[in-house]
Amino acid sequence: MLTAGRAARWGAALLLLVAVAPWSSSRPSAPRITGFAEDWRVELPEAPQGSGQALVGDAVVMRTGDLLTARDAATGAERWSHRTTGGWISGWISGWAAPLPALVVDMARPDRTEPTHSVIGLSARTGRVLWRRTGLAAAGTWRAPYGGAAPTGVVVTQRAPFTLVGTAAGTGADLWTVPLRCADAGRAIEESASDGRGAVVLYRCGRRSHLLALDTVTGTRRWSTPIAATATRLTLDQGTVTVHHRNALSVFDDRDGRLLTRLDGCWNGCTAQRAGGRMLLSHETGSGGVLEAVSLPGLTPLWRRTLPTPRVLGQPEAPYQSGWTSGGIYFAVPRPVRDGAPARVHAVDPATGNTREFRLPDFGLPFARAGNRVFTVQQIAPPSRAPRFRVTAFRSASPDPWGETPPGADRTRWPDACEVLRRLRPASRLTRLWNPVTCQATSAEGHHLTLRVRWQAPDRASAALLFARIREAGGGVTVPGVADAAFSAGPRAEILIFLSGRTIIDVRSAYLPVVAELPALAREAASLLPVTTESRGPGGEVAAPPPSLPVPLPATAEAMAVPTGPSAVLAGYRNGNTTVLIDPGTGRPAPARHPFTAFSPGGRWAAGVSPDYIEGRDYAHVLDRTTGKVRRLPGFEHPRRLGNPVWSPGGDLLLTVWERADEDADGDDQVSVGFVVHSPRAGTTGFVRVGDPRTGGSRYQWNGDGTGVATELAIDFAGDGAYGADGEADLRTVGRFDLRGRPVEGPAAPGRLSGLDDWYSPSRNRYAVVCPGQTTDVCVHDAGSGALIAQVDQAVGHLVSWYDDDAFVFRRRTGASLSITVVDLLRGPVADIARSSDGRDGDLRLFFARRPGGSAPA
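Count the sequence shown with our numbering and you get residues 2 to 859, in order.
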């Protein structure tokens, strides 16, 4: 059965047991990819309070829970470990300090309402406690650079009420105090950093962030500046201060707070790194990721490089997610590629922009470099085991790999995914995705099969060990008789990964009829290898639709990237009490007087219902977007009301009529008594009362062809075991009625109507209902046969609408954070539409208009 929970286990981990075909060469100690091999690794339990790691001098320091440990960067040998009692280490403040190398950490202890903090100074050489201060805490999250940073003799701490304290790193003595001025109850010290000469503190007063620069010796205020929104990710390095706010990145001069440069449109992240007398900036553009250098001061352009970056439906990505400067070289960490390839590091010459890529023989996030070693961190969650985090050191065979040009991976010689699928499924339509080694075959029934070449190693031994690491990351069950080795999550899993020679491939499908064929398809695919791009045969393919860029929309705190799709376009949105319509011709947003929430196919008509009674009656409003005229449809007097507008494929409006079931109730107990159909072209409106006693518990929707309606039917209780997961009778179905309210004969759809705005897909070839016996999972069925196609989990959010026949718009809110994403039938992310950490966007709703005719699966 297709569930997102099962699919989510693929991103993390796989057992280190792997069956591979024998070969004569001896088992190597580590896979060799571009000259790097694993040097050492350390695994520690992942504590609920989180973990962290940093290169501090010549040691790698790690924290998790109550444990702080230092390892020799060259050998991985333990230098010392320190455990706290009665609390946990929540972060560090200072990397090291002169003349006595010290590591200053923040420790939290559980209390009745919230943890209490203290600050501890430890010897960086032995781990011995030098001093301890209660009543102090770190000044937010410490963001200082490590490794190449200058000695930090004074660290910034905080104490109540809202006061910064300069604390001597070697002794723990207070050197100065600086009260922060803010009377707002929503105040907090968020982040801080120091480079040895000065310190910068990022704090929040209400909804606005502020930067404050201080002299670390005297505590004197050097400068301060407000930030236009809530800011995060403070960095201080080589005389520049960088913060991210909304979808922008701003860089300031740390001497006077002068704004040096600002990058807007950082939907997928931007980076800024000082390298001597120039600034290296990475950001996204319409043509892809860009890395450029500008001079300081003056911002004169020096060079600009367009880099190949991953792209998904909805937007391109910025090329880098993080980086650091070491030894005159900018080490940039590219965003993870979506084909499951190992970690990568780019070594960039700041003077010329020449970039060399180094691939590491494992997964993880690179975070530091020392000599010819690169260090990565990875969170892993092995099946049936506690989560752990792993720090790994990779060493190059060359003493100076950054000065050499390593052999790159020539993907043109990798197996061509579309050519393999063309031979597997000759009658299917092929779509070459943005990744050149991924292809999707669509059958006549609309079922997708995706084949992805994850990696091709230089030799079989390297491929086998990398395959074992992939399996270790996600867990799995061996699938016998497929290539050299294969595994999946279970007998009915949606993804199967196999090893054939030196190539690692996965085949996947979100469609249950195809899932059972995956082992056989994988066996046949392995028999076709190698097939490269040079051996492509005839046959048409189509390219995936181009991405779109994020744009700021009025009445929202964050920008949105509205993806282009074959079935739907954004027609409007509502945030709080503000409704905005998108002009279908120009794409420009404009506020609307009425709360329109439903749009006809093609977007000509918009409909909404009044939130309150007007002089004792409610109304529906219908807007002709070609003329701008609004027609007001009279509704009902209390206790009845109109609700749930939805358009038919032919452009007729359907509204559900609700009635309060109990006059003494507070209004929450309501039943649907019928529906209203309005034709804007004919100008007719009619109310149809449905007398079937099985109705009343749900709204009305159009049937597949728009000639009738559908709603939930309550079936009489039929004995033990008929209860679903929510404790209600599990014998509900969706029944159909004609436009006179008479039942229509035919098979009912088991389940309940979900929160989707329309239960039929854009092509009307599929429908979705809440699965029988479930409270959240949505089952997708073939409209003709009723066959189950997929099951989509809604445990951490909810589906709000179809995006096309193979994807939904998924809305998730966690605290003040909101994300609206296009997900496939595995609930895997396809494209981000909107993300916001601003509480003002918490009620954001997007409304789509379907393209005329929908999108029938090819």
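No residue lacks a Cβ here, since even glycine has one placed at the ideal position from N, Cα and C.
Residue environment for D653: buried (at least 16 other C-beta atoms within 10 angstroms of its C-beta).
Between G482 and L513, the alpha-carbon positions lie close to 22 Å from each other.
Between the C-alpha atoms of E746 and W703 there is a straight-line separation of about 16 Å. Listed in chain order, the non-local C-beta contacts of L261 below 8 Å within the same chain comprise T241, V252, F253, D254, M280, L297, P298, L300, local neighbours out to five positions each way being set aside. Here Y620 is bridged, per DSSP, to P635. Contact check between the segment 593-611 and the segment 577-584: three or more CB pairs, one atom from each, fall below 8 Å, which counts as touching.
For the set A371, A523, N355, the Cα lying nearest the Cα of L425 is the one of A523. In this structure, DSSP gives P748 a state outside helix and strand, which the three-state scheme calls coil.
Taking C-beta separations shorter than 6 Å and ignoring five residues to either side along the sequence, the partners of V62 in its chain run A55, A71, following chain order. Rounded to whole angstroms, the Cβ separation of D196 and L237 is 5 Å, and the two are in contact under 8 Å.
Residue state for C780 is assigned as strand, using DSSP reduced to three classes. Boundaries of the beta strand (DSSP E) around A394: 389-397. Take G173, set aside five residues on each side of it, and the residues of its chain with a beta-carbon closer than 8 Å to its own are V120, G122, L131, W132, R133, R134, in chain order.
Put simply, of S699, Q671, P46, D59 the residue whose alpha carbon is nearest the alpha carbon of A369 is D59.
S444 carries a coil assignment under DSSP once its states are collapsed to helix, strand and coil. Judged by DSSP secondary structure, P514 falls outside any beta strand (DSSP E) and instead within the alpha helix (DSSP H) spanning 513-516. In its chain, beyond the 5 residues on either side, A442, S510, V515 have a beta carbon closer than 6 Å to the beta carbon of L450. The beta carbon of E713 is closer than 7 Å to those of G698, S699, R733, V735, R753, L754 in its chain, skipping five residues each way along the sequence. Listed in chain order, the non-local C-beta contacts of Q379 below 6 Å within the same chain comprise F364, G365, R391, local neighbours out to five positions each way being set aside. DSSP places S463 in the helix class (H, G or I) of the three-state scheme. Contact between L235 and V201 holds: CB atoms are separated by about 7 Å, below the 8 Å threshold. For C206, the secondary structure class from DSSP, reduced to helix, strand or coil, is strand. Judged by their CB atoms, P646 and P853 are not nearer to each other than the 8 Å cut-off. DSSP places E525 within a helical segment (H, G or I) once states are collapsed to three.
In this structure, the straight-line span from the alpha carbon of T233 to that of T657 is close to 45 Å.
For the 8 Å CB-CB criterion, L181 and Y204 form a contact. Around the C-beta of A517, fewer than 16 other C-beta atoms lie within 10 Å, and the residue is accordingly described as exposed. Secondary structure at V201: strand, using DSSP grouped into helix, strand and coil. Scanning its chain for C-beta atoms nearer than 8 Å, with the 5 sequence neighbours on each side dropped, one finds around R42 the residues G77, R391, V392, T393, A394, in chain order. With at least 16 other beta carbons inside 10 angstroms of its own, H284 counts as buried.
In the structure shown, the three-state DSSP call for E192 is strand. With a threshold of 16 other beta carbon atoms within 10 Å, H639 falls short and is exposed.
With a beta-carbon spacing of about 7 Å, L497 and D507 fall inside the 8 Å limit used to define contacts. In the DSSP assignment, L826 falls outside any beta strand (DSSP E) and carries neither an H nor an E.
Boundaries around V166 are those of the beta strand (DSSP E), 164-169, since no alpha helix (DSSP H) includes it. If you look at R424, you'll find it in the alpha helix (DSSP H) that goes 418-425.
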